[in-house]
Each structure stands twice: as C-alpha cells, then as structure tokens.
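Residue numbers (the numbering used here): 117 to 384.
Cβ coordinates follow ideal geometry from the N, Cα and C atoms, glycine included.
Worksheet: one structure, shown below.
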Ligand SMILES: Nc1ncnc2c1ncn2[C@@H]1O[C@H](COP(=O)(O)OP(=O)(O)O)[C@@H](O)[C@H]1O
Ligand SMILES: [Mg+2]
C-alpha cells in the first residue's frame, strides 16, 4: 500500500508497546510510548543494557515490535514500502559499520546512482566536510575494508553523514559521540540542530550528557522500560534533584508507564 510522505507539520513517530530481538525468548523493551512532532529532538538516556539500542532498532524498523506500532505520519512502519521508508529514515547504529569503498560511496549508502551534491550536503550537515577534504583523496578516498584506514572517530563522523544523506525525515543516532573529540561533539550538536531546523525529527541515544545539547525532549530508560519522558529541562532537573524519588518513580504524573504516553497530534 502506498502512504503519503511525512509532512512538515503532522508527522508523528512513536514506538508503543514491546519489542524483542528476533528469536529472543524475552522482551527487552516494553511499555514505551511517546510522540514526537516535526522539529523535535529526543535524547534517550539510561544505563547500559536498559534497552536504548533495542528501542532504536524498533524505531527504524530493524526489529519489528511484538506489540504496538511505530508510526510515521500516522502510518505504521510496516505499511510503508521499504524503498520509500528508507528515504525517510537515517540511522547511525551503535556499532558503526562502514564498507570497503570511497567516503562518498559510504555516505551515499552505495546507491547505484549517488547524488554528488547530496553527498557533500550530508558531509556539511554532519560537520565532516573539512575533515573529508583533508583526507588524501577527499570524498574519493578509499577507506579500506570496514573503514580501517580511518580512525574510530572519523568512521563515526562519516557514518553520521551517511545517516543525514538526502535529509531523511527521521534520524536515529545511537551513541553518536562515543568516539568523538570536542570538535566532533560540536559538529554533532550542529547536525542535530540542523535536522530539527529543517523540520525533521532526531532521536539521539546518549551515554554522555554532551549529546543532549541539541535536543528538547528526554526519555529515560531503565530495565527495558520508559521511566520518564518529557521536556528536557523538566526531566533533567528531576533527575538532578538529590531528594528526587528513585528513577522508577520519576515520571510526569506518576510512577506508571502509562503516564508517559503522550498523544499530542492526530494520527492521520
Ligand atoms: N540481538 C540480541 N539478542 C538478544 N538479546 C539482546 C540483543 N541485543 C540486546 N539484547 C539484550 O537486550 C537488553 C538491552 O540491550 P540494549 O538495547 O543493547 O541496551 P543499551 O543500548 O541500553 O545498552 C540487554 O539485556 C541485552 O543483553
Ligand atoms: Mg546501546
């Protein structure tokens, strides 16, 4: 079936329900529900193994949810034709995977007919344009098997450009700053702000607070469940308050995860 492309104002993204890795015996994420509108940015925080990466995989459709739906502009991910969906999604996985080929080919996802201007635009959006130009062959530099000729930080920044290629509507970045220096972190914040300014939605999984600089909403995960969701300042100040209740009880309106469900816009 064919579904209209996300528009700038009515788009909605929200995983609701549960998910598990294919073949797994138990749920690794449950009871997560939220809605984001065009132009918003969500930071996802929480300890290791709290389900952040699993949630990211469900949001981009790598793992199908067992219960509930992830909707983009009202249409569930599985209602989108693969090709069309791919155009609207940009994903930087936690374990960056680059492939033998040039920087440009990697940014353009090895499309048969890459758009050179879009490659450079993605490089600029990711703040890696100058870094790429300093490589021996610029965008035509061969990066070696799995990108081994680059440093970990360079790989992560080029993978960020790949996630931004052709301005996807929804951009999901899983720990995009784990290998970055100060310059890289600034570039990342610029990239996050850029997606929001052009009316996209960005979800950033953050293991360091610096990655939250460009977002306006925060989701706190613990034990595979959403503990809190809301405006960044509100959520962070609750977390900082020394007398604050334990994380499990922090949440707008109460301790149950249903209080996290935010139904803001029409489902289209
Ligand atoms: N492919 C997988 N198969 C089975 N279990 C997995 C898989 N990936 C993650 N998990 C489990 O899901 C839980 C959440 O992991 P993950 O989403 O990677 O957490 P985080 O990103 O917050 O560190 C962990 O208990 C982890 O062991
Ligand atoms: Mg993770």
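Terminal residues of the beta strand (DSSP E) in which residue i lies
i: residue 343; result: 341-347
i: residue 271; result: Per DSSP, residue 271 belongs to no beta strand (DSSP E); it is in the alpha helix (DSSP H), 268-280.
i: residue 193; result: It is not in any beta strand (DSSP E) - residue 193 carries neither H nor E in the DSSP assignment.
i: residue 320; result: 317-321
i: residue 182; result: 181-183
Inter-residue spacing [alpha-carbon to alpha-carbon] between residue i and residue j
i: residue 303; j: residue 326; result: 12 Å
i: residue 164; j: residue 257; result: 35 Å
i: residue 263; j: residue 357; result: 43 Å
i: residue 311; j: residue 142; result: 35 Å
i: residue 218; j: residue 156; result: 33 Å
i: residue 173; j: residue 251; result: 32 Å
i: residue 177; j: residue 267; result: 29 Å
i: residue 282; j: residue 148; result: 29 Å
i: residue 152; j: residue 317; result: 7 Å
i: residue 231; j: residue 305; result: 25 Å
i: residue 331; j: residue 324; result: 13 Å
i: residue 346; j: residue 335; result: 7 Å
i: residue 239; j: residue 246; result: 9 Å
i: residue 255; j: residue 220; result: 5 Å
i: residue 203; j: residue 279; result: 10 Å
Residue i - containing alpha helix (DSSP H), residue span
i: residue 165; result: Residue 165 -> no alpha helix (DSSP H), and no H or E assigned at all.
i: residue 147; result: Here residue 147 belongs to no alpha helix (DSSP H); instead the beta strand (DSSP E) covers 145-149.
i: residue 223; result: 219-223
i: residue 247; result: 245-249
i: residue 213; result: Per DSSP, residue 213 belongs to no alpha helix (DSSP H) and is neither H nor E.
i: residue 236; result: 232-241
In DSSP terms, what residue i is bridged to
i: residue 336; result: 161 and 344
i: residue 300; result: According to DSSP, which records beta bridges pairwise, residue 300 is partnered with nothing at all.
i: residue 206; result: 287
i: residue 328; result: Answer is none; residue 328 lacks a bridge partner.
i: residue 156; result: Residue 156 pairs with nothing; no bridge assigned.
Residue i, buried or exposed, once every other Cβ within 10 Å from all chains shown has been counted against 16
i: residue 131; result: Note on residue 131: pLDDT 44, under 50, position unreliable in the model; the coordinate value appears next. The residue in question, residue 131, is buried, as its Cβ has 16 or more Cβ neighbours within 10 Å.
i: residue 215; result: exposed
i: residue 285; result: buried
i: residue 292; result: buried
i: residue 183; result: exposed
i: residue 211; result: exposed
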